[in-house]
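The block underneath contains the structure these notes are about, expressed in structure tokens.
Chains as they are written, first to last, in the UniProt record's numbering: chain A, 1 to 297; chain B, 1 to 373.
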């Protein structure tokens, strides 16, 4: 492999990693505040992409309406999921909520199959995203340039939200101790709903950008990206937003390099990613940037 | 879409075949189709073909109506084997049509073989599916033939000498077809400059395309299914790989064009069917009925599923019996039967059929050639 190819592969890895980062940030935010791994995150990602697909592809609305529309729809979905599936289990052991999250994930996937059918649909991609840009002899799709910008923007917004607003203060308090926060007079359920809404908006952003890069939508499209983003969040230190971004890029680059350097093993690219997940869980469960978990007594 | 909705919701529902004017018990034929999952287009198109046939003629044999029992195999191997099991044991079908793809037939075929119930794959082109089997059939040609024709077309008609392959390693079909193409292309004097691998459902193939581009090929051969071809073509074009793309029968689905858009423009493929390729009365009637029913152009998978029904009914008639063993025996002796894709003769479980070559021009399939075996 010569240098040109290596650089192009690195660019490919960064392009893919950017998408994982965007998704992983949503994963990690919900976990950081609620200590809940929301396995339905990947499926909310799928719903976001579908809503955008319907608004643009079927109703021919412009993107500046479709994208916020999709974000709004997923925010409602996130809040609804919390109301229906997680809130009744608020005082149950954490494992119950985790299992419920897996159940919600299956429910959304199969509802998707029933409602829109199993056949993939082509996503209409705006020219700005779909066209390829040449950087010297290297090529990058437009969407790959926009994804990091969008991720930084959303992360910036998120940091302001968490550290500069009253709601953010409540979120941080919640992440320490739910009971104490409740005793201080904070409407805990409202804060949690808010958290899910924001997390779901991040998922919708990821879903739309993903379907710009790989221009199709199908009801099971969220499964693998969801797992990869979860891995990225663990690698970065789950709960840590900057860590999730870094983790996303690491996963993307590892995946591309697996294929680039060992073409015969292309079929095992997912296995490599999940081997990293297992490695981190065994050796450094707190991830690259995470703090070791303190047991609450 | 409504139809697939119902199917996936209920999992299984029974279609009344013909009007049951006579009180005779219907003959049940099982449909083991991909109504959801990775290659849902094939199963749904196959199902459309069978419904077209129902509109065209009263499906009746030995004075008994035909009834279809549909099971969704979700484009999955294990589900396909389970579906075959269920059709045989619970529904006591006389014969099974589907799965549509080779990998699933390699799983479902042995189940039917063991139960001694004939099973026919409308479009299962991998040679292994019928090898050494008495009860497994296909309504299409086999991949050694298709791969050979593709390689000759590339080498002789297109004049290319450096081929690159992107092969879906999760599909027996793609692996087999890729090998048959590569063998013939090298035999002719061409060179395979890069072989890259992916698996079904992979979205990102930028790494593979980068490696292929670096090998400087003058044709890209992708013996995969439509969704994988479309996504790969988009990324090939984005990375500046502008060589012609050649594919197999797996390219034939509307999703290829919907997803691939401009990237698949000019794509050529070897396949089973083009509305202009066959002109016998049954073929013409099928095309007309299909257009009226679905308001779109007919496709290979529908036509081959309809052919599978015709092959089974012809066998039942010749056998004069609905015992699965007698049907299988008669199916093996199918000769010059008129179907919606010309005529069909079955040898060693395989249909002897011509290859049709098509090219995508302005989003429409243009007919290039028919190559007879």
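All C-beta atoms in this analysis are idealised placements derived from N, C-alpha and C, irrespective of residue type, glycine included.
Quick caveat: nothing in here was measured; it's all calculated off a predicted structure.
**OP:** Could you please tell me which residues of the segment 201–224 of chain B, in chain order, have their CB closer than 9 Å to any CB of chain A?
**Re:** 201, 202, 203, 204, 205, 206, 207, 208, 209, 210, 211, 213, 214
**OP:** In angstroms with no decimal places, state the Cα-to-Cα distance between residue 60 of chain A and residue 280 of chain B.
**Re:** 43 Å
Original post:
Which chain B residues sit within Cβ distance under 9 Å of residue 121 of chain A?
Top reply: 255, 258, 259
**OP:** Please state if the CB of residue 164 of chain B and the CB of residue 215 of chain B are separated by a distance shorter than 8 Å.
**Re:** yes
Original post:
DSSP puts residue 360 of chain B in a beta bridge; with which residues?
Top reply: Under DSSP, residue 360 of chain B forms a beta bridge with B/365.
Original post:
Is the Cβ-Cβ distance between residue 24 of chain A and residue 203 of chain A less than 8 Å?
Top reply: Contact: no.
Original post:
For residue 128 of chain B versus residue 152 of chain B, is the C-beta distance shorter than 8 Å?
Top reply: no
Subject >> From B/200, B/353, B/133, B/30, residue whose alpha carbon lies closest to that of residue 139 of chain B >> reply: B/353
Original post:
How is residue 41 of chain A classed by DSSP in three states: helix, strand or coil?
Top reply: Per DSSP, reduced to three states, the secondary structure at residue 41 of chain A is helical.
Original post:
Beta-carbon of residue 193 of chain B versus every beta-carbon of chain A: anything under 8 Å?
Top reply: no
Original post:
Comparing alpha-carbon positions, which option in A/96, A/132, A/39, A/141 lies nearest residue 108 of chain A?
Top reply: A/39
Original post:
According to a CB-to-CB cut-off of less than 8 Å, which residues of the segment 263–278 of chain A neighbour chain B?
Top reply: Taking 8 Å as the Cβ-Cβ cut-off against chain B, the residues of the segment 263–278 of chain A that qualify are 263, 264, 266, 267, 269.
Original post:
Under 8 Å, do residue 218 of chain B and residue 161 of chain B count as touching if we go by C-beta distance?
Top reply: yes
**OP:** Return no unless some Cβ of chain B is closer than 8 Å to the Cβ of residue 251 of chain A.
**Re:** no
Original post:
How about residue 100 of chain B: is its Cβ closer than 7 Å to a heavy atom in the ligand SAM?
Top reply: The ligand SAM is not among the ligands present in this structure, which contains no ligands whatsoever.
Original post:
Who does residue 268 of chain B pair with in a DSSP beta bridge?
Top reply: B/246, B/359
**OP:** Tell me whether residue 74 of chain B sits in a helix, a strand or coil according to DSSP, three-state version.
**Re:** coil
**OP:** Give a yes or no on whether the C-beta atoms belonging to residue 78 of chain A and residue 197 of chain A are separated by under 8 Å.
**Re:** With contacts defined by Cβ atoms closer than 8 Å, residue 78 of chain A and residue 197 of chain A form a contacting pair.
**OP:** Could you work out which residues of chain A lie near residue 238 of chain B, taking near to mean beta carbons separated by less than 7 Å?
**Re:** 132, 139, 141
Original post:
At a Cβ threshold of 8 Å, is residue 100 of chain B touching chain A?
Top reply: no
**OP:** Please list the partners that residue 234 of chain B has in chain A, where partner means a Cβ-to-Cβ separation under 7 Å.
**Re:** 215
Subject >> Nearest-angstrom Cβ-Cβ length linking residue 96 of chain B and residue 87 of chain B, presumed shorter than 8 Å >> reply: 6 Å
**OP:** Look up residue 196 of chain B in the DSSP assignment and say whether it is helix, strand or coil.
**Re:** strand
**OP:** Give the residues of chain B in contact with residue 238 of chain A, contact being defined as C-beta atoms less than 8 Å apart.
**Re:** Those within 8 Å of residue 238 of chain A in chain B number zero; the least Cβ separation is about 24 Å.
**OP:** Return the residue from the list B/183, B/295, B/362 that minimises the CA-CA distance to residue 148 of chain B.
**Re:** B/183
Original post:
If we cut at 8 Å on Cβ distances, does residue 231 of chain B have a partner in chain A?
Top reply: yes
Subject >> Cβ-based burial, residue 66 of chain A [other Cβ within 10 Å; buried from 16] >> reply: The residue is buried, with at least 16 neighbouring Cβ atoms inside 10 Å.
**OP:** Determine the contact status of residue 69 of chain B and residue 28 of chain B, defining contact as a CB-CB distance below 8 Å.
**Re:** A contact, by the Cβ cut-off of 8 Å.
Subject >> Status (buried if at least 16 other CB within 10 Å, exposed otherwise) for residue 191 of chain B >> reply: exposed
Original post:
Is residue 123 of chain A buried or exposed, if buried means 16 or more other CB atoms sit within 10 Å of its CB?
Top reply: buried
Original post:
When we look at the beta-carbon of residue 165 of chain A and count the other beta-carbons within 10 Å, is it buried (16 or more) or exposed?
Top reply: exposed
Original post:
When the distance is taken between beta carbons, is residue 327 of chain B closer than 8 Å to residue 94 of chain B?
Top reply: yes
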